[in-house]
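In what follows, a single structure is set out as structure tokens and then discussed.
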Amino acid sequence: ERDDKKIWPKEGIAKMAELGFMGMMTDQKWSGEGMDTISYTIAMEEISRVEASAGVVMSVNNSLVCYLLEKFASNHIKEKYLKPLASGDKLGAFSLSEPQSGSDASNMKTTAKKEGDHYLISGIKNWVTNGINSDYVILFAVTEKEVGHKGISCFIVEKGWDGFETGKPENKLGIRASDTCELYFDNVKVPVENLIGNEGEGFKIALATLDGGRIGIAAQALGIAQASLNASVSYSKERIQFGKPISANQAIQFKIADMAMEIESARLLVRQAAWKKDQKQNYSHVASMAKVYASEVAIRASTQCVQIHGGFGY
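In this note's numbering, the protein residues as written are 9 to 322.
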């Protein structure tokens with residue numbers, strides 16, 4: 009019902025914060041849990057198996073927001089913003105994509121003009137997960153247009169600042185209880201101390217952060233796929249046709265067997281990416297493979313789940 013009506017999973021998010029799931033990989037000195045990436049993927053999978061919308065909220069706060077701040081931000085920013093984000097007292101969002109630049113992030117149009125002790129930021133960001141319900145937003149903007157992606161910088165911006173407006177929630181096909189929206193910036197005054205890293209380092213920061221984010225999304229897809237398998241097995245045992253459960257039919261057994269094999273393969277790929285990250289090895293390519301493959305497995309598993317449920321699947 010929450011997914012159908014786009015109802016924000018407020019109680020679930022609060023419970024996840026209470027259990028320490030909103031800053032799982034953040035060091036304890038910054039109010040996190042100090043856990044490894046493998047533990048994070050297990051939690052992500054299990055939460056997403058029950059409610060994928062809650063899983064993606066958790067993924068953004070952990071993989072994109074807390075990770076970025078812990079790795080690249082000043083101690084002042086960590087004290088002021090990372091601590092409440094990792095503890096779950098506050099919620100973060102990550103705004104990189106724009107109407108003119110999705111994967112081509114270096115083509116962004118949002119600008120940050122430095123004036124004295126602050127920057128004036130103007131532009132539009134879209135497809136921002138947690139955009140409506142977040143308290144703080146990681147924002148990328150161009151500080152020096154002439155040098156391309158080397159002129160992109162990273163900031164943290166607070167909701168409620170003058171000129172910062174939130175758009176309407178997108179009408180998505182799925183994961184609808186998680187809000188996704190556009191964000192509008194019209195000469196938003198951002199203190200210079202809210203710059204993350206140095207000017208011109210934003211593109212590098214974004215790429216390094218997105219690698220870890222792919223692991224979280226892969227784990228989320230894995231949870232969706234596992235939920236589809238579980239529902240398929242359960243229903244096939246209960247549905248009686250022609251005097252026997254449909255699970256006795258080879259056509260159904262083949263579907264379930266294929267689902268199980270693909271899910272286990274995806275799980276191993278996700279765990280490998282997480283392990284490489286924990287071992288401080290190069291994990292970029294494995295994380296990308298895990299995200300693509302786990303997402304495709306989730307699509308195939310959910311499609312087969314609908315077929316196994318017959319008319320009830322629709």
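Built from N, CA and C at the ideal position, the CB exists for glycine as well.
Could you have a look at residue i and say whether DSSP puts it in helix, strand or coil?
i, result
"Gln249", "strand"
"Pro177", "coil"
"Thr118", "coil"
"Ser39", "coil"
"Gly208", "coil"
"Asn238", "helix"
"Trp169", "coil"
"Gly63", "helix"
"Leu27", "coil"
"Gly20", "helix"
"Leu218", "helix"
"Ala101", "strand"
"Thr137", "strand"
"Glu106", "strand"
"Ile15", "coil"
"Ala224", "The residue asked about is misnamed: residue 224 is Gly in this sequence, not Ala. Gly224 falls in the helix class under three-state DSSP."
"Gly131", "strand"
"Glu123", "strand"
For residue i and residue j, I'd like the C-alpha separation in whole angstroms.
i, j, result
"Ser240", "Ala227", "20 angstroms"
"Phe211", "Gly318", "47 angstroms"
"Ser236", "His157", "41 angstroms"
"Ile183", "Ile225", "12 angstroms"
"Lys88", "Ala295", "30 angstroms"
"Asn202", "Val73", "14 angstroms"
"Lys14", "Ala94", "25 angstroms"
"Thr217", "Ile264", "35 angstroms"
"Glu209", "Val165", "17 angstroms"
"Asn290", "Lys299", "16 angstroms"
"Glu190", "Ala256", "49 angstroms"
"Gly205", "Phe163", "9 angstroms"
"Tyr243", "Arg10", "23 angstroms"
"Leu276", "Cys313", "22 angstroms"
"Arg327", "Ile232", "The chain is shown only over 9 to 322; residue 327 falls outside these bounds and no answer can be derived."
"Glu207", "Glu106", "20 angstroms"
"Ile213", "Phe80", "7 angstroms"
"Tyr322", "Ala309", "15 angstroms"
"Glu272", "Asp219", "22 angstroms"
"Thr118", "Pro177", "21 angstroms"
"Ser320", "Glu26", "This sequence places Phe at residue 320; Ser is not what is there. Computed Cα separation, rounded: 37 angstroms."
"His293", "Glu246", "42 angstroms"
"Gly31", "Gly40", "5 angstroms"
"Gly42", "Leu76", "15 angstroms"
"Glu173", "Met24", "27 angstroms"
"Ile96", "Glu19", "According to the sequence shown, residue 96 is Gly rather than Ile. Going from the Cα of Gly96 to the Cα of Glu19 covers about 12 angstroms."
"Tyr48", "Met33", "7 angstroms"
"Ser82", "Ala259", "58 angstroms"
"Gly221", "Tyr127", "28 angstroms"
"Val200", "Asp125", "6 angstroms"
"Gln234", "Ser67", "18 angstroms"
"Ile85", "Ile132", "24 angstroms"
"Asp170", "Thr151", "20 angstroms"
"Gln249", "Glu59", "31 angstroms"
Can you tell me where the beta strand (DSSP E) with residue i in it begins and where it stops?
i, result
"Asp97", "Run containing Asp97: none; DSSP gives neither H nor E here."
"Ile194", "Looking at the sequence provided, one finds Asp at residue 194 rather than Ile. Element bounds for Asp194: Thr188 to Pro199."
"Leu147", "Tyr144 to Val150"
"Val165", "Ile160 to Glu166"
If I follow the unbroken alpha helix (DSSP H) through residue i, where does it start and stop?
i, result
"Thr45", "Thr45 to Val58"
"Tyr75", "Tyr75 to Phe80"
"Ile264", "Gln258 to Asp286"
"Val305", "Ser292 to Ile316"
Apart from the five residues just before and just after residue i, which ones in its own chain have a Cβ nearer than 7 angstroms to its Cβ?
i, result
"Ile21", "Ala62 and Val65"
"Trp16", "Asn141, Ala185 and Asp187"
"Ile50", "none"
"Ser109", "Asn115 and Met116"
"Gly139", "Ala101, Thr174, Asp187, Thr188, Cys189 and Leu191"
Here's a check: name, in chain order, each residue in its chain whose Cβ is nearer than 8 angstroms to the Cβ of residue i, leaving out the five neighbours to either side.
i, result
"Ser114", "Gly156, His157, Ile160 and Phe211"
"Ile46", "Arg279, Ala282, Trp283 and Asp286"
"Asn238", "Arg57"
"Lys180", "Thr188"
With a CB to CB cut of under 6 angstroms and the five nearest residues on each side skipped, what residues in its chain are close to residue i?
i, result
"Ala274", "Leu230, Tyr301, Ala302 and Val305"
"Asp143", "Lys98, Leu99 and Lys167"
"Ile129", "Ala120, Ala149, Phe193, Val196 and Val198"
"Glu53", "Ala227, Leu230 and Gly231"
"Ile223", "Ala281, Ala282 and Ala295"
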